[in-house]
Amino acid sequence: MRILVQGCRQALSLLLAGDPEIWEITCRTVAVSGSATALSVLVGLPLGFMLAMRPFRARPLVVSWANAGMGLPPVVVGLWVSLMLWRYGPLGRLGLLYTPVAMVLAQAVIATPLVAALSMAGLQQLGERVKLQIMALGASPVQAVWLMVREARYSLLAAVMAGFGAVVSEVGASMMVGGNIRGHTRVLTTATVLEVSKGNFEVAIALSFILLVLAWGITFLLTVLQQRNYRR
Amino acid sequence: MNITRSRQLELLALLFVLVVLGAACRTQDEVLLATTTSVHDAGLLDELLPRFEARTGYRVKPLVVGSGQALALAARGEVDVVITHSPQDERRLLEEGVVVERHLVMYNHFVLLGPPEDPAGVRGLSDPREAFRRIAAAGAIFLSRGDSSGTHVKEMELWKAAGVSPAGAWYQESGTGMGETLRIASEKGAYTLADWGTFLALRHQLRLEPFVRGGSMLVNPYHVMAVNGARFSRVNAEGAAALVQFLLSEQAQAVIARFGTRQYGEPLFIPAAGLTEEELSGGGR
């Protein structure tokens, strides 16, 4: 009990003092997980579109992959991305392992099925009639896509939030492909693990606060974006 | 209008990725160092590496893993330098030509820890083998690292020397690092083997007492090794050689000698550049 109270107090003072390293780790966390989420949207959203709009023979298979991929364990992703990026692995030439880029890639792999599966579900909800209606009103294909995105924006933003939430909070893959290198690949989750193992519970508690606030803050922004036209 | 906005968003996202890519792709002067938690967690590397970087211009990326994993990474040429405390496996890598240099950097001792009640009655013993035998006979809980780390390898050596094959409900494996294992042992009231440095650093948080410490059987030598650049073309051999040389330098050895005295009242490691393992085990406390 004592450690809890003491930890929280010290955590607060660490936060208020604006420790430069903690600040740096926080910024890196946003950059890495933000990039990974952006990447997963670039891949996952078109994929979700395709799955929702285009019937093709392998569709049930791909849909089941996307749905199962929502539960992809981060450590498994970390292991496989590591295998790919090792110096003597297939992509070893790029020298990406233990860099933030490797973390972005691994996290994007984790988030993409989430974005794809959830955006597919959201778009399917619109149904065939909305699509036909849009086309009947004379929309060009690009306009049609944009209108569909607008119509399904609640679900699509929910998909983005789920993707970001998944990657900002995962530790296994980031640890494995990033290596938790100080000043280079250390993010909030890996730093928390390290501080706990070093017995610095106060710092770990401070980091966990930041992580919670960060995850909530970004989700809050997205929620505002999602709900801003709700009253209409 | 809305379409251009989505384009802008996509561009922004791409830019984001590119910035991160660009920031990460300066890899030529990097030295990848795999090392054990005991060297890193107390903060020794944070003292040593900036000095090396300032002196040579290399940038060191330390990967903190157990000795077993560090050596496995070295064996595949995935890292440039390793600092480990697992002498048998290190010698094997040297013989196989995976590493080209192997030098003693520093040492400390392993210590057998346990709950203050001491259910196996090992207090006051000086022979770790006898202590291990008593723990096994009493069926007192012993927490093993179980992760092929240097400490785990040492522990297996000691069980073997004691003539006990540890198995049963009393023998448990944590599968975690040293700090975490100490905490679990403390909570469970278990015996465990640890390096003196990590124990010292965490001592005030633990309900564990040091029972058997020092002696030639419990010497804990740390060696630095450079991975063979002739064998692995992607290894940064020059950077590795520079780092090895630095760790053996007077400057680095002096840092090691005083590291921890202010915070823990005694140094966590004893510098040992130039010594051999035989000299260590002969002259151990």
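Taken in order, these protein sequences are the chains called C and W. No gaps in the numbering here: position 9 of the first sequence is 9 in our numbering, and each next residue is one more. With positions in the second sequence counted from 1, the corresponding number in our numbering is that position plus 232. Backbone N, C-alpha and C fix where the C-beta goes; we use that ideal spot for every residue, glycine too. Being a predicted model, the structure only gives us computed values, none of them experimental.
Check: Counting Cβ pairs, one atom from each stretch, are 3 or more of them under 8 Å apart for the region 375–384 of chain W and the region 487–502 of chain W?
Finding: With the cut-off at 8 Å, the region 375–384 of chain W and the region 487–502 of chain W do not touch.
Next item on the list: Using a threshold of 7 Å, state whether the C-beta atoms of residue 513 of chain W and residue 451 of chain W are closer than that.
Entry: Yes, these two residues count as a Cβ contact at 7 Å.
Check: Under a three-way DSSP split, which group does residue 363 of chain W fall into?
Finding: The answer is helix: DSSP assigns residue 363 of chain W an H, G or I state.
Margin query: Using a Cβ-Cβ cutoff of 8 Å, what residues of the region 57–85 of chain C are near chain W? List them in chain order.
Written below: Closer than 8 Å at the C-beta level to chain W, one finds no residue of the region 57–85 of chain C.
Next item on the list: Inspect the beta-carbon positions of residue 382 of chain W and residue 448 of chain W and report whether they are closer than 7 Å.
Entry: Pairing residue 382 of chain W with residue 448 of chain W gives a Cβ-Cβ distance that is not under 7 Å.
Notebook entry, point to check: alpha helix (DSSP H) containing residue 415 of chain W: first to last residue?
Noted result: Here the alpha helix (DSSP H) through residue 415 of chain W covers 410–420.
Item checked: Interface residues of chain W facing residue 33 of chain C [CB-CB closer than 7 Å] -> Listed along chain W is no residue with a C-beta nearer than 7 Å to that of residue 33 of chain C; the closest approach is about 11 Å.
Margin query: Which residues in chain W have a C-beta closer than 9 Å to the C-beta of residue 9 of chain C? List them in chain order.
Written below: Result: empty, since nearest Cβ-Cβ is about 17 Å, beyond 9 Å.
Next item on the list: Please go through the same chain and pick out, in chain order, the residues whose beta-carbon is closer than 7 Å to the beta-carbon of residue 340 of chain W, but skip the five residues on each side of it.
Entry: Excluding residues within five positions, the ones whose Cβ falls inside 7 Å are 427, 428, 429, 452, 500, 501, 502.
Next item on the list: Tell me where the alpha helix (DSSP H) around residue 100 of chain C begins and ends.
Entry: 100–136 is the extent of the alpha helix (DSSP H) around residue 100 of chain C.
Notebook entry, point to check: So the alpha helix (DSSP H) residue 67 of chain C belongs to, where does it begin and stop?
Noted result: Counting along the chain, the unbroken alpha helix (DSSP H) around residue 67 of chain C starts and ends at 59–69.
Notebook entry, point to check: What span of residues does the alpha helix (DSSP H) with residue 82 of chain C cover, start to end?
Noted result: Segment 74–85, the alpha helix (DSSP H) holding residue 82 of chain C.
Margin query: So with CB distances below 7 Å, who are the chain C contacts of residue 328 of chain W?
Written below: The premise fails here: residue 328 of chain W is roughly 16 Å from chain C at the closest Cβ pair, so nothing lies under 7 Å.
Margin query: Give the list of continuous beta strand (DSSP E) stretches no shorter than 3 residues that lie fully inside the region 294–359 of chain W.
Written below: Secondary structure remark: continuous beta strand (DSSP E) runs of at least 3 residues inside the region 294–359 of chain W, in chain order: 313–316, 331–346.
Next item on the list: Return the chain-ordered list of same chain residues with a C-beta closer than 6 Å to the C-beta of residue 274 of chain W, the five sequence neighbours on each side being excluded.
Entry: For residue 274 of chain W, same chain residues with a beta-carbon under 6 Å away, outside a window of 5 residues either side, are 429, 433, 500 in chain order.
Next item on the list: Taking all protein chains shown into account, decide if residue 406 of chain W is buried (16 or more other Cβ within 10 angstroms of its Cβ) or exposed.
Entry: Classification of residue 406 of chain W: buried, given that the 10 Å Cβ count is 16 or more.
Checklist line | Stretch-stretch touch, CB-based, cutoff 8 Å, three pairs: the region 324–338 of chain W with the region 290–297 of chain W | finding: The region 324–338 of chain W, when compared against the region 290–297 of chain W, does not touch it at the 8 Å Cβ threshold.
Checklist line | Beta-carbon contacts of residue 368 of chain W that lie in its chain and below 6 Å, excluding the five residues immediately before and after | finding: Excluding five sequence positions before and after residue 368 of chain W, the CB atoms of its chain that fall closer than 6 Å to its own CB belong to 396, given in chain order.
Margin query: I'd like to know if the region 69–86 of chain C and the region 160–172 of chain C are in contact, where contact means that at least 3 CB-CB pairs between them fall below 8 Å.
Written below: Because the criterion of three Cβ pairs below 8 Å is met, the region 69–86 of chain C and the region 160–172 of chain C touch.
Item checked: Simplified DSSP state of residue 498 of chain W, which is helix, strand or coil -> Coil, per DSSP.
Margin query: Counting only beta-carbon separations shorter than 7 Å, does residue 490 of chain W have a partner in chain C?
Written below: Taking Cβ atoms only, chain C never reaches closer than 7 Å to residue 490 of chain W, which makes this a no.
Next item on the list: With hydrogens ignored, establish whether the beta-carbon of residue 34 of chain C is closer than 6 Å to any heavy atom of the ligand ATP.
Entry: With respect to the ligand ATP, the structure offers nothing, as it holds no ligand at all.
Check: Among W:463, W:342, W:504, W:470, which one has its Cα closest to the Cα of residue 521 of chain W?
Finding: Given that chain W is displayed from residue 233 to residue 517, the structure contains no residue 521 of chain W and the question cannot be resolved.
Next item on the list: May I have the straight-line CA-CA distance separating residue 40 of chain C from residue 174 of chain C, to the nearest angstrom?
Entry: So the two alpha carbons sit approximately 16 Å from each other.
Note to self: If you follow the alpha helix (DSSP H) that residue 227 of chain C is in, where does it begin and where does it stop?
What the structure shows: That run of the alpha helix (DSSP H) goes 201–227.
Item checked: DSSP three-state assignment for residue 184 of chain C, whether helix, strand or coil -> Coil, per DSSP.
Checklist line | Contacts around residue 121 of chain C, its chain only, beta-carbon distance under 6 Å, and the 5 residues preceding and following it disregarded | finding: Excluding positions up to five away in sequence, the list is empty.
Note to self: Any beta carbon of chain C sitting closer than 7 Å to that of residue 501 of chain W?
What the structure shows: Chain C contact via Cβ: absent.
Notebook entry, point to check: So which residues on chain W does residue 87 of chain C lean against when the C-beta distance must stay under 7 Å?
Noted result: The contacting residues are 309, 310, 466.
Next item on the list: Would you list the residues sitting across from residue 47 of chain C in a DSSP beta bridge?
Entry: For residue 47 of chain C, which the question treats as bridged, DSSP gives no partner whatsoever.
Check: Got a sec, what are the start and stop residues for the beta strand (DSSP E) residue 445 of chain W sits in?
Finding: Per DSSP, residue 445 of chain W belongs to the beta strand (DSSP E) from 441–445.
Note to self: To the nearest angstrom, how far is the alpha carbon of residue 384 of chain W from that of residue 98 of chain C?
What the structure shows: Residue 384 of chain W and residue 98 of chain C: Cα-Cα distance of roughly 26 Å.
Next item on the list: Would you decide whether residue 127 of chain C is buried or exposed? Buried here means 16 or more other CB atoms lie within 10 Å of its CB.
Entry: Exposed is the call here.
Next item on the list: Establish whether the CB of residue 40 of chain C and some CB of chain W are separated by less than 7 Å.
Entry: Nearest CB-CB separation between residue 40 of chain C and chain W: not below the 7 Å threshold.
Next item on the list: Name, going along the chain, the residues of the region 283–301 of chain W whose beta-carbon falls closer than 8 Å to a beta-carbon of chain C.
Entry: Going along the region 283–301 of chain W in chain order, one finds 293, 294, 295, 296 with a Cβ nearer than 8 Å to chain C.
Next item on the list: Starting from the C-beta of residue 104 of chain C, find all residues in its chain whose C-beta is less than 8 Å away, skip the five residues before and the five after it, and write them out in chain order.
Entry: Within the same chain, 32, 35, 36, 39 come within 8 Å of residue 104 of chain C by CB-CB distance, once the 5 residues on both sides are set aside.
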